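Counting the sequence shown from 1 gives a position; the working numbering is that position plus 4. Note that beta-carbon positions come from the ideal geometry of N, C-alpha and C, so glycine has one too. As the structure is a prediction and not an experimental result, all values here were calculated from the model. All remarks here apply to the structure that follows.
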Amino acid sequence: MEKILYKFLFRICLIGILILIVKLATPFTFDKWFPIDEIVLSGEYKFLEREQVQMVANNYLEGNFFSLNIHKLRVGMKKLPWIKDVDIYRKWPNRITMLITQHQPIARYGMQGLINEEGEFFGAAYEDYLPIIYGPKEKLPYITSKFFIFNEILHAEFIKIHKITYTRKDDWIINTSDGMTIKLNDDKSDDALKRFVDNFQTVLKSMNKRITSVDLRYRDGFAISSDKIEKNDPKL
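Below, the structure written as structure tokens:
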């Protein structure tokens, strides 16, 4: 009876060991089947180098066509500063396709990095000129939306924004490329700026001088100053 029991236990242990060996060996064996032989990169490459993208992708290619962790690969690719998003697809029998979307920079966030068109911060380097935005990082989407609105309003007089600041007191300070400073309250800031732009040519003709500062924080008017006029004189 004891011999039968020992044989039974021995067989159970043997089966368990065999199962464990198979389980441990399967990933290594299975990965040799259906290997990924090709990575196709598509999308935008204005600020990216294909060689760099390919190298990063290769670092996250673990497993085969079926076992590849797509989520892990996607997270790894998005660590590249210029990559905003990446869609990854399997294409039978051995191909992985990656569709890359880049950030489109519209401004600098102080000296820290860049801002895209949706108000998202990303820490990439960029040599060309861009306007500068200052303000709380958590409010960047709102600040960016206002930047577009202000830019469109000022464009009617070909005034370009060089720097825009949103203060913690909910005030706006706009510095233009020609050296003018514009101050606004956040409340009804669009209307105030439109009112100034509508009167811009009239003010220029009446003063015949370069405007250096405009304060639009008054309810029904605005104050201006120029190179030779004291601040807030005259009030219009």
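Taking the alpha helix (DSSP H) that residue i falls in, what are its first and last residues?
{"i": "ASN189", "result": "Looking at the DSSP string, ASN189 is not in any alpha helix (DSSP H); the run it does join, the beta strand (DSSP E), is 185-189."}
{"i": "ASN62", "result": "54-63"}
{"i": "GLY80", "result": "74-81"}
Using the three-state DSSP reduction, which class does residue i fall into: helix, strand or coil?
{"i": "HIS107", "result": "coil"}
{"i": "LYS141", "result": "helix"}
{"i": "GLY117", "result": "strand"}
{"i": "ASP194", "result": "helix"}
{"i": "ASP202", "result": "helix"}
{"i": "ILE40", "result": "coil"}
{"i": "ILE25", "result": "The pLDDT assigned to ILE25 is 48, lower than 50, so where the model puts this residue is not dependable; a value taken from the coordinates is nonetheless given after this. In the structure shown, ILE25 sits in a helix (DSSP, three-state: H, G or I)."}
{"i": "LEU45", "result": "strand"}
{"i": "PHE264", "result": "The shown model of the chain, from 5 to 240, leaves out residue 264, and the question about it has no answer."}
{"i": "PHE125", "result": "strand"}
{"i": "SER247", "result": "Examination of residue 247 is not possible in this model, given that the chain is present from 5 through 240 alone."}
{"i": "THR33", "result": "In this predicted model, THR33 has a pLDDT of only 45, less than 50, meaning its place in the structure is not dependable enough to derive any value."}
{"i": "SER149", "result": "helix"}
{"i": "ARG223", "result": "coil"}
Closest by CA to residue i, which one among the options?
{"i": "LEU84", "options": "ARG99, GLU66 and GLN56", "result": "GLN56"}
{"i": "ASN68", "options": "PHE51, MET59 and TRP37", "result": "TRP37"}
{"i": "LYS88", "options": "PHE162, LYS167 and GLY80", "result": "GLY80"}
{"i": "GLU121", "options": "ILE100, ALA111 and ARG94", "result": "ALA111"}
{"i": "ILE100", "options": "THR180, VAL44, LEU52 and ILE153", "result": "VAL44"}
{"i": "PRO140", "options": "ASP202, LYS213, ILE119 and MET102", "result": "ILE119"}
{"i": "GLN108", "options": "GLN205, THR216, GLU48 and ARG199", "result": "GLU48"}
{"i": "PHE154", "options": "LEU72, LYS143 and LYS167", "result": "LYS167"}
{"i": "ILE186", "options": "LYS82, GLU53, ILE40 and ILE163", "result": "ILE163"}
{"i": "ASP195", "options": "GLY183, ASP174, ARG223 and THR180", "result": "ARG223"}
{"i": "GLY127", "options": "ASN179, TRP96, GLN116 and GLN205", "result": "GLN116"}
{"i": "GLY183", "options": "GLU142, SER217 and SER210", "result": "SER217"}
Let's test the definition: count the other Cβ atoms within 10 Å of the Cβ of residue i and tell me whether it reaches 16, buried, or not, exposed.
{"i": "GLU148", "result": "A small fix is needed here, since residue 148 is Thr in this sequence, not Glu. Classification for THR148: buried."}
{"i": "HIS159", "result": "exposed"}
{"i": "MET59", "result": "exposed"}
{"i": "LEU220", "result": "buried"}
{"i": "ILE104", "result": "buried"}
{"i": "ALA129", "result": "exposed"}
{"i": "HIS75", "result": "exposed"}
{"i": "PHE151", "result": "buried"}
{"i": "PRO238", "result": "Note that PRO238 has pLDDT 43, beneath the 50 cutoff, so the model's placement of it is unreliable and no number is given."}
{"i": "SER106", "result": "Here residue 106 is Gln; the residue named in the question, Ser, does not match the sequence. The residue is buried, with at least 16 neighbouring Cβ atoms inside 10 Å."}
{"i": "TRP86", "result": "buried"}
{"i": "PHE70", "result": "exposed"}
{"i": "SER193", "result": "buried"}
Taking the continuous beta strand (DSSP E) assigned at residue i, which residues delimit it?
{"i": "LYS95", "result": "87-95"}
{"i": "LYS167", "result": "165-170"}
{"i": "ASP219", "result": "215-219"}
{"i": "ASP182", "result": "Looking at the DSSP string, ASP182 is not in any beta strand (DSSP E), and its letter there is neither H nor E."}
{"i": "GLU71", "result": "At residue 71 the sequence reads Ser, which differs from the Glu that was named. Where SER71 is concerned, there is no enclosing beta strand (DSSP E), given that its DSSP letter is neither H nor E."}
Is any non-hydrogen atom of the ligand FMN found closer than 6 Å to the C-beta of residue i, if you look at the structure I gave you?
{"i": "MET102", "result": "For the structure depicted, the ligand FMN is absent and the ligand set is empty, with no information on it obtainable."}
Looking at the C-beta of residue i, does it have a partner C-beta in chain C at a distance below 7 Å?
{"i": "GLU42", "result": "Here chain C cannot be found, since the structure has a single protein chain."}
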